[in-house]
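Student:
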Amino acid sequence: MGAMTEAQSAGQNDVQDQADEQGQDDAARSGTVVVVGPDGRPVGTVQTDDSQEDPARLVEQPAKVMRIGSMIKQLLEEVKAAPLDDASRHRMREIHERSIVELKEGLAVELREELERLALPFTEEKAPSESELRIAHAQLVGWLEGLFHGIQAALVAQQMAARVQLEQMRSGRQALPSGPGGIAPGMPGMGQPAGGEGHSTGQYL
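In this text, residue positions in the sequence shown follow the numbering used here: the first is 714, and each later residue adds one.
(1) What residues are listed by DSSP as bridge partners for V772?
(2) Taking the alpha-carbon positions, what's the K786 to E880 distance?
(3) Please return the same chain residues whose Cβ sits closer than 8 Å to the Cβ of K793, not counting the five positions on each side in sequence.
(4) Look at the alpha carbon of E791 and the alpha carbon of L797, and state the distance between them as a whole number of angstroms.
(5) Below 7 Å CB to CB, which residues in the same chain sit around A741 once its five sequence neighbours on both sides are set aside?
(6) In terms of alpha-carbon separation, which member of M882, E773, V877 lies closest to V822?
(7) Write down every uninterrupted run of the alpha helix (DSSP H) in the region 801–848 whose length is 4 residues or greater and which is fully enclosed by it, in chain order.
(8) My understanding is that R804 touches F835, with C-beta atoms under 8 Å, so please give their C-beta distance in whole angstroms.
(9) I need the DSSP call for R883, collapsed to helix, strand or coil.
(10) Considering only the beta carbon of each residue, do K817 and L828 sit closer than 8 Å?
(11) Is it the case that the Cβ atoms of L789 and A851 are separated by a distance below 8 Å?
(12) Taking Cβ to Cβ, would you say G782 is nearer than 8 Å to L868?
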């Protein structure tokens, strides 16, 4: 009798484990977009499925990518500020090549492949010229700034679409208030709405 009870208990545990795994799979395939109001406070959530790409997933390690981007931008300023001797140019080359390797670890596969196609290696073993270093650093800084601006724009579009969906779900109730320009302020890392005062490129790096 005890053995039968244990067998039944084990079977129930297996069923529960399968249900838990199924729930986790469903959660992985879906996401939740938090809709925020003009004061930056959440006013509701909207479920999304895997058919809607989350732009934030393109950068798997955003803090690392931004640190490296800031470093490359500072190196570009150093190259512009003063002439470099042969040893300094060798050092700059090594840092640039290592930065590319480290950046790839923080990016999704599609961005990693794009960076590999665009970041051309230095062709000669000797130290690159200051002009070559400036071009390489400027290219990388521009690519990173474009990456973060693109993610920002995608997040704004995602937020606006989520607001519309939430308002449709709340049909018959008071419409959600809109932020300036139809963009909900208070999103982390969003900055000022496009076209507003104080907006400038390169704010992420």
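For every residue, glycine included, the Cβ atom is placed at its ideal position computed from N, Cα and C.
Tutor: According to the structure data:
(1) Within the DSSP bridge table, the entry for V772 names L820 as partners.
(2) Taking the straight line joining both Cα atoms gives about 42 Å.
(3) Excluding sequence neighbours, K793 sits near R847.
(4) Between E791 and L797, the alpha-carbon positions lie close to 9 Å from each other.
(5) Interpretation of A741 is limited by its pLDDT of 38, a score under 50 that renders its predicted location unreliable; the figure taken from the coordinates is listed afterwards. If you ignore the 5 residues before and after A741, its C-beta comes within less than 7 Å of no other C-beta in its own chain.
(6) The option with the nearest alpha carbon to V822 is E773.
(7) As for any alpha helix (DSSP H) of minimum length 4 sitting wholly inside the region 801–848, the runs are 822–831, ordered along the chain.
(8) Taking 8 Å as the upper bound for CB-CB distance, R804 and F835 are not in contact here, some 13 Å apart.
(9) Note: R883 maps to coil in three-state DSSP.
(10) Closer than 8 Å, so yes.
(11) Contact check for L789 against A851 passes: the beta carbons are separated by less than 8 Å.
(12) Result no, Cβ atoms of G782 and L868 do not sit closer than 8 Å.
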